[in-house]
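Q: If you scroll down you'll find the structure; I have some questions about it.
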Amino acid sequence: MTKGTLHLLASISLFIGIALLPASTAGREGPMSPIASFVATIYWARADAAFDEGRLEVGLARAEQALKLDPEPPEGWSWLASVLVHRFGAPEFEETAEGRRAWAEAGLAVLARGESKTSEPQELAFHAGLILAFIGSLPLEVYEWPGGERAIWLAASDHFERAKSLGHPRADAASQSALRELHWPSPEVEGGSSGEGGPSGPIHIDHTHDYDVLGD
């Protein structure tokens with residue numbers, strides 16, 4: 063395990079530890095909620111600045127504080143998950159498949175935690191499906207995901223199905239697309255198709271999925 067990977071795992075452990083701290087009373091329903099929401103916006107801006115400066119632990123702590131102050135909007139949870147998966151988990155930032163997978167798993171964990179706190183859990187469930195679809199669209203060696211392609215697309219479909227049950231309007235189509243990716247053979251597989259008809263099209267993945275919580 064490389065020094066960089068050890069640093070990554072330590073940072074994620076710190077983030078999980080912060081996440082388990084008791085929630086701030088400022089984030090609860092009541093007269094202080096609008097003020098808490100405004101303060102959370104400041105924390106998001108400061109988190110983004112810390113990430114840009116390479117101060118990972120500081121950025122994670124600030125992001126976690128923002129989520130505690132204003133946990134209901136899904137945009138904050140989605141933004142942080144995207145930062146972990148697509149910024150820090152990008153090949154140009156993280157050299158190893160093990161490290162990239164750790165970042166992806168951390169992003170998915172953020173979304174899972176947010177589902178129980180946000181006012182729009184269907185958005186976070188759908189975003190989790192998009193992350194898995196993004197991973198499934200890449201060569202297997204990029205993430206070396208346990209269980210390979212089958213496990214990735216099954217997990218993506220499960221997330222989309224959960225989003226569907228929560229009322230997301232595009233989740234059913236996304237789930238069907240994920241299952242087609244799983245069952246429809248690739249062109250190089252001998253024997254061609256193994257079912258009736260072909261896939262109607264791939265999932266269109268917006269892998270940034272970065273909600274603009276910081277403003278223009």
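If you read the sequence shown in my numbering, its first letter stands for residue 63, the second for the next number, and so on.
Ideal Cβ placement from N, Cα and C applies to all residues, glycine included.
Because the structure is a prediction, the values reported are computed rather than measured.
1) Under the assumption that Val172 contacts Leu200 (Cβ atoms under 8 Å), give the Cβ distance between them as a whole number of angstroms.
2) Residue range of the alpha helix (DSSP H) that Glu167 falls in?
3) Excluding five sequence neighbours on each side, which residues of the same chain lie with their C-beta closer than 7 Å to the C-beta of Gly210?
4) Please report the residue range of the alpha helix (DSSP H) in which Thr180 lies.
5) Between the Cα of Asp114 and those of Ile104, Arg149, Ala102, Pro133, spot the shortest distance and give me the residue it belongs to.
6) Taking 6 Å as the limit between beta carbons, can you name the residues of its chain near Trp215, skipping five residues before and five after?
7) Where Glu126 and Ala111 are concerned, what is the direct C-alpha to C-alpha distance, given to the nearest angstrom?
8) Decide if Phe77 is buried, meaning its Cβ has at least 16 other Cβ atoms within 10 Å, or exposed.
9) Please classify Tyr205: does DSSP put it in a helix, a strand, or coil?
10) With 16 as the cutoff for other CB atoms within 10 Å, does Arg224 come out buried or exposed?
11) Closest to Ala123 by C-alpha separation, out of Gly138, Glu182, Ala109, Pro133, would be which residue?
12) Going by CA-CA distance only, name the one from Trp165, Gln238, Ala128 that's closest to Ala143.
13) Determine the direct distance from the alpha carbon of Val101 to that of Arg212, and round the result to whole angstroms.
14) Applying the 10 Å Cβ sphere with the 16-neighbour rule, what's the burial state of Ile97?
15) Along the chain, where does the alpha helix (DSSP H) containing Asp114 start, and where does it finish?
16) Can you name, in chain order, every residue of its own chain whose Cβ lies under 7 Å from the Cβ of Glu177, other than the five neighbours on each side?
17) Can you tell me the Cα-Cα spacing of Gly151 and Arg162, whole angstroms?
18) Could you give the C-beta distance for Ala235 and Tyr205, rounded to a whole number, given that I count them as a contact under 8 Å?
19) With H, G and I counted as helix, E and B as strand and the rest as coil, what does DSSP make of Ser227?
20) Over what stretch of residues does the alpha helix (DSSP H) that includes Asp234 continue unbroken?
21) From Gly253 to Phe196, what distance separates their C-alpha atoms?
A: In brief:
1) On the sequence shown, residue 172 is found 110 positions in, with the first residue counted as 1. On the sequence shown, residue 200 is found 138 positions in, with the first residue counted as 1. At roughly 20 Å, the Cβ-Cβ gap does not stay under 8 Å, so Val172 and Leu200 are not in contact.
2) As a first step, residue 167 must be located in the sequence shown, where it is residue number 105. Run containing Glu167: 159-177, per the alpha helix (DSSP H) assignment.
3) Along the sequence shown, one-based indexing puts residue 210 at 148. Same-chain partners within the cutoff: Leu202.
4) Taking the first residue of the sequence shown as position 1, residue 180 is located at position 118. No alpha helix (DSSP H) holds Thr180; DSSP gives it neither H nor E.
5) For the purposes of this step, residue 114 is taken as residue 52 along the sequence shown, with counting starting at 1. The residue with the shortest Cα to Cα distance from Asp114 is Arg149.
6) Looking up residue 215 in the sequence shown gives position 153. The answer, listed in chain order, is Gly198, Ala240, Glu243, Leu244.
7) Taking the first residue of the sequence shown as position 1, residue 126 is located at position 64. Taking the first residue of the sequence shown as position 1, residue 111 is located at position 49. Answer to the nearest angstrom: the Cα atoms are 14 Å apart.
8) Taking the first residue of the sequence shown as 1, we reach residue 77 at position 15. Model confidence at Phe77 stands at a pLDDT of 49, short of 50, so the residue's coordinates are unreliable and nothing is read from them.
9) Locating residue 205 in the sequence shown gives position 143, counting from the first residue. Here Tyr205 sits in coil by DSSP.
10) Indexing the sequence shown from 1 puts residue 224 at position 162. Buried, because 16 or more other Cβ atoms sit within 10 Å of the Cβ of Arg224.
11) For the purposes of this step, residue 123 is taken as the residue at position 61 of the sequence shown. Out of Gly138, Glu182, Ala109, Pro133, Ala109 has the C-alpha closest to the C-alpha of Ala123.
12) Position 81 of the sequence shown, counted from the start, is the residue given in the question as residue 143. Per the Cα distances, Trp165.
13) Sequence index remark: in the sequence shown, residue 212 carries index 150 (1-based). Sequence index remark: in the sequence shown, residue 101 carries index 39 (1-based). Cα to Cα, the separation comes out at about 43 Å.
14) Locating residue 97 in the sequence shown gives position 35, counting from the first residue. Under this definition Ile97 is an exposed residue.
15) Locating residue 114 in the sequence shown gives position 52, counting from the first residue. It spans 95-114 - the alpha helix (DSSP H) in which Asp114 sits, taken as one unbroken run.
16) Taking the first residue of the sequence shown as position 1, residue 177 is located at position 115. Excluding sequence neighbours, Glu177 sits near Pro183, Leu186, Ala187.
17) Counted from its first residue, the sequence shown places residue 151 at position 89. Counted from its first residue, the sequence shown places residue 162 at position 100. Each residue's alpha carbon lies about 5 Å from the other.
18) Start at 1 with the first residue of the sequence shown, and residue 235 comes out as number 173. Start at 1 with the first residue of the sequence shown, and residue 205 comes out as number 143. Not quite, the Cβ-Cβ distance comes to about 25 Å (not below 8 Å), so this is no contact.
19) Residue mapping note: residue 227 aligns to position 165 of the sequence shown, counting from 1. Residue state, collapsed to three classes: helix.
20) Against the sequence shown, residue 234 aligns to sequence position 172. Unbroken alpha helix (DSSP H) run through Asp234: 233-245.
21) Here residue 253 corresponds to residue number 191 of the sequence shown, with the count starting at 1. Here residue 196 corresponds to residue number 134 of the sequence shown, with the count starting at 1. Per-residue confidence for Gly253 stands at a pLDDT of 41, beneath the threshold of 50, marking its modelled position as unreliable; no derived number is given.
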